Amino acid sequence: MLDKEQVHKVAHLARLALTPEEEEQFTTQLSSILDYFEQLSELDVTDVPPTMRAIDASNITRADKLEPYGDRDAILESAPEQDGEFFKVPKILNEA
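Here the numbering used here = 1-based position in the sequence shown + 13.
1. Would you mind stating whether ALA87 and PHE100 have Cβ atoms separated by less than 9 Å?
2. Label PHE39 either buried or exposed according to how many other C-beta atoms from any shown protein chain fall within 10 Å of its C-beta, with 16 as the threshold for buried.
3. What distance in whole Å lies between the Cβ atoms of LEU15 and LEU47, which are believed to be in contact at a cut-off of 8 Å?
4. Does the beta-carbon of VAL20 have 16 or more other beta-carbons within 10 angstroms, so that it is buried, or is it exposed?
5. Is the Cβ-Cβ distance between ALA24 and GLU36 less than 9 Å?
6. If you run the structure through DSSP and keep just helix, strand and coil, what is ASP96?
7. Where does ILE46 sit, in a helix, a strand or coil, going by DSSP?
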């Protein structure tokens, strides 16, 4: 069971300003949460491998396929500046 002083200390560390009513409320709520975790600690998990998620998740990606774009002129026309068949972009490297 947490007391108000512990809740006040946690609130201070989290830079939260709690009213006395909120301290009372959080004392009760946090104590209930910690009691629940105490129940979980009674479970035997020696044969349970550690996981990052409760369910399996994976990224669904597709293989990159290189395909030429048919209308090169249309792409170049949309560029703010071009130099012949190339995009013209600002220089970003410093001369050393």
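We treat Cβ as the ideally placed atom computed from N, Cα and C, and that holds for glycine. None of the values given here were measured: they were computed from a predicted structure.
Straight from the coordinates:
1. no
2. buried
3. 7 Å
4. buried
5. yes
6. strand
7. helix
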